[in-house]
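If you read the protein sequences in the order shown, they are chains A and B. Take UniProt numbering: the last position of the first sequence gets the number 251, and nothing is skipped along the way. Take UniProt numbering: the last position of the second sequence gets the number 251, and nothing is skipped along the way. Ideal placement from N, C-alpha and C gives every residue a C-beta, glycine not left out.
There are 2 protein chains.
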Amino acid sequence: MRDRTHHIDLLLRKLALLERLDDQEQAAIAGLPFELENVPAHRMLIREGSQVTHCSLLVRGFACRHKMARTGKRQIVAFHMAGDMMDLQHALLSRADHNLQMITDGTVGTVPIKAMKAVCRDFPRIAEAFAKDALIDASIFREWVLNVGGRDAKTRVAHMLCEFVARREAMGISPVEAMRLPMTQEQIGDATGLTAVHVNRMLRLLSEEGAFRHEGRELVISDWPMLKAVADFDAAYLHGLAHEPQSANAF
Amino acid sequence: MRDRTHHIDLLLRKLALLERLDDQEQAAIAGLPFELENVPAHRMLIREGSQVTHCSLLVRGFACRHKMARTGKRQIVAFHMAGDMMDLQHALLSRADHNLQMITDGTVGTVPIKAMKAVCRDFPRIAEAFAKDALIDASIFREWVLNVGGRDAKTRVAHMLCEFVARREAMGISPVEAMRLPMTQEQIGDATGLTAVHVNRMLRLLSEEGAFRHEGRELVISDWPMLKAVADFDAAYLHGLAHEPQSANAF
DNA sequence: CGGGAGGTTGACCACCATCAACTGCTGTGG
DNA sequence: CCACAGCAGTTGATGGTGGTCAACCTCCCG
Chain A
1 MRDRTHHIDL
11 LLRKLALLER
21 LDDQEQAAIA
31 GLPFELENVP
41 AHRMLIREGS
51 QVTHCSLLVR
61 GFACRHKMAR
71 TGKRQIVAFH
81 MAGDMMDLQH
91 ALLSRADHNL
101 QMITDGTVGT
111 VPIKAMKAVC
121 RDFPRIAEAF
131 AKDALIDASI
141 FREWVLNVGG
151 RDAKTRVAHM
161 LCEFVARREA
171 MGISPVEAMR
181 LPMTQEQIGD
191 ATGLTAVHVN
201 RMLRLLSEEG
211 AFRHEGRELV
221 ISDWPMLKAV
231 ADFDAAYLHG
241 LAHEPQSANA
251 F
Chain B
1 MRDRTHHIDL
11 LLRKLALLER
21 LDDQEQAAIA
31 GLPFELENVP
41 AHRMLIREGS
51 QVTHCSLLVR
61 GFACRHKMAR
71 TGKRQIVAFH
81 MAGDMMDLQH
91 ALLSRADHNL
101 QMITDGTVGT
111 VPIKAMKAVC
121 RDFPRIAEAF
131 AKDALIDASI
141 FREWVLNVGG
151 RDAKTRVAHM
161 LCEFVARREA
171 MGISPVEAMR
181 LPMTQEQIGD
191 ATGLTAVHVN
201 RMLRLLSEEG
211 AFRHEGRELV
221 ISDWPMLKAV
231 ADFDAAYLHG
241 LAHEPQSANA
251 F
């Protein structure tokens with residue numbers, strides 16, 4: 001039973017960060033006809049240029065959105081984790097302008113856009129919550145433009161880590177103190193406009209300076225204030241979709 | 001009389017690209033209580049971190065949105081031209097996460113967010129049009145992430161030019177064949193993550209290769225297909241907010 | 001006529017890309 | 001159980017793209 005509604009819990013938790021929804025509204029969300037599917041790592045969910053008829057909720061695992069330059073260089077423009085609505089924009093823009101791809105294996109819930117529009121029509125506050133989510137998405141893109149366009153390699157990598165950790169914390173996905181990064185160094189490179197080799201060097205640098213350390217395959221953030229400072233990170237651009245790790249205990 | 005309604009014409013023209021609005025809906029737009037103000041070049045309209053209570057429509061002139069890195073490096077994340085709603089996101093996200101500043105002198109129309117919300121509540125298709133505009137904004141940010149993160153200097157500068165020309169064409173602001181760029185080379189640099197010096201070199205290169213030429217202070221695009229090819233430009237990401245210059249006559 | 005902003009050009013150099021080799025995991029099949 | 005393949009990570013050597021610094025030019029506009 002818990003399993004059948006886990007994806008609804010996730011979505012409600014996310015929306016609660018954006019808008020206070022009453023029982024009726026929560027029931028409307030719970031009534032959305034999600035179809036759940038387990039998908040393997042690297043599965044392409046949506047391809048640039050294709051027509052999109054469903055919205056996707058990530059229930060388990062990690063995914064990313066990316067575009068390609070003519071040279072073949074891939075640019076990751078967003079990472080997604082459990083609880084994220086990954087393509088709200090397709091509710092109104094029918095053609096995908098980028099690819100959506102799983103990083104790890106996971107579970108995806110899809111809803112017909114018609115159902116999304118219906119619930120938005122009947123419950124304006126739900127519509128507002130989804131709109132806010134999309135606008136915060138845009139704010140994150142702006143920060144990424146600054147990150148790749150205006151910061152040096154070490155800062156870029158640190159910033160990416162900070163955002164990832166802060167969003168994880170907000171969704172309560174896992175203890176932040178010790179986590180395994182789901183993305184490869186090459187993917188971090190594709191997100192920051194660096195090569196995997198240079199990402200590796202920057203991670204080593206940050207680790208040598210004491211921002212985090214490796215414990216087996218886990219990454220342990222040993223000095224959040226320091227990492228945040230190096231990263232030039234200020235969570236304001238996440239507009240409440242993430243608070244910084246406050247649980248100072250582990251740090 | 002034409003002057004009093006010019007800003008409404010502009011806005012309706014923009015919205016017509018996004019949604020077919022009937023007479024009643026157009027009348028509702030025309031009824032929005034815009035306050036027009038002439039503003040000088042470089043005027044800051046909105047500052048990062050401030051609370052925003054109005055939405056701004058650019059009626060005349062050019063503006064940009066930008067963020068600052070800790071080092072002081074400024075990153076421009078968007079250029080705006082007449083007809084653009086510059087901060088729809090602030091209708092739902094009350095705190096600005098970036099600055100909004102005039103590039104040239106111009107005219108700005110402001111509407112209280114309450115009035116915007118009211119018209120959106122009463123006319124769902126208007127709400128949808130504004131939402132589409134915000135989503136296209138996000139798509140443009142994604143393209144910019146790719147541009148600064150994944151393309152070399154020449155391509156970046158050319159791409160920025162292409163987007164600017166295509167959007168101008170869509171809004172019918174001026175003949176595209178000959179225009180004066182409103183932004184300085186330093187601003188192009190801040191938008192592309194390059195220095196003004198290097199932007200200068202890239203512009204020279206593009207011009208030497210015949211993509212465009214200078215006539216006095218005007219820039220004349222002499223070979224749009226070539227510029228577009230060099231730029232790795234595909235207008236799909238503008239989702240109909242801009243078609244490419246088709247008037248092959250001048251080229 | 002003078003001052004200032006923007007544009008132009010050259011010399012030099014640093015950051016990060018590229019190429020290449022090697023290590024260590026992990027899963028898989030003999 | 002081992003061998004092997006394959007992917008991710010690691011490290012070093014070298015070079016190029018684009019940054020930095022500095023000088024000078026051009027065009028406005030007061």
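| Asked | Found |
| --- | --- |
| Does LEU92(B) come within less than 8 Å of chain A when only Cβ atoms are used? | yes |
| Return helix, strand or coil for ARG95(A), following the three-state DSSP convention. | strand |
| When you compare the CB of GLN101(B) with every CB in chain A, is at least one pair closer than 8 Å? | no |
| Among ASN99(A), VAL145(A), VAL39(A) and GLN51(A), which has the Cα closest to the Cα of ALA91(A)? | GLN51(A) |
| Anything in chain B within Cβ reach of LYS73(A), meaning under 9 Å, just list it in chain order. | LEU146, GLY149, GLY150 and ARG151 |
| For chain A, find out if any of its Cβ atoms is closer than 8 Å to the Cβ of PHE62(B); answer yes or no. | no |
| How about ALA30(A) and ILE103(A): do their beta carbons lie closer than 8 Å? | no |
| By the three-class DSSP mapping on this structure, what secondary structure does LEU242(A) have? | A small correction: the amino acid at residue 242(A) is Ala; Leu does not occupy that position in the sequence shown. In this structure, ALA242(A) counts as coil in the three-state DSSP scheme. |
| Please name the residue, chosen from ARG20(B), GLY216(B) and VAL39(B), that lies closest to ALA178(B) on a Cα-to-Cα basis. | GLY216(B) |
| What does the Cβ neighbour count give for HIS66(B), buried or exposed, with the cut at 16 atoms within 10 Å? | buried |
| Counting only beta-carbon separations shorter than 8 Å, does LEU15(A) have a partner in chain B? | no |
| So, are the CB atoms of ILE221(B) and VAL165(B) less than 8 Å apart? | yes |
| Check the Cβ-Cβ distances between LYS67(A) and every residue of chain B, and say whether any is below 8 Å. | yes |
| So does the region 53-61 of chain A actually touch the region 140-152 of chain A, counting three or more Cβ pairs closer than 8 Å? | no |
| Expressed to the nearest angstrom, what Euclidean distance is found between the alpha-carbon atoms of LEU227(A) and ILE188(B)? | 31 Å |
| Cα separation between MET81(A) and ARG13(A)? | 13 Å |
| Distance, Cα to Cα, GLY83(A) vs ASP122(B)? | 31 Å |
| According to DSSP, simplified to helix, strand and coil, what is HIS54(A)? | strand |
| Per DSSP, what are the beta-bridge partners of GLU218(A) in this structure? | GLU215(A) |
| Where DSSP assigns a beta bridge to GLY109(B), which residues make up the other side? | LEU36(B) and LEU57(B) |
| Please tell me whether VAL52(B) has its Cβ less than 8 Å away from any Cβ of chain A. | no |
| Could you tell me the alpha carbon to alpha carbon distance between MET44(A) and ASP97(A), rounded to whole angstroms? | 14 Å |
| List the residues that DSSP assigns as beta-bridge partners of ARG74(A). | MET68(A) |
| When burial is assigned at 16 or more other CB atoms within 10 Å of the CB, is ALA16(B) buried or exposed? | exposed |
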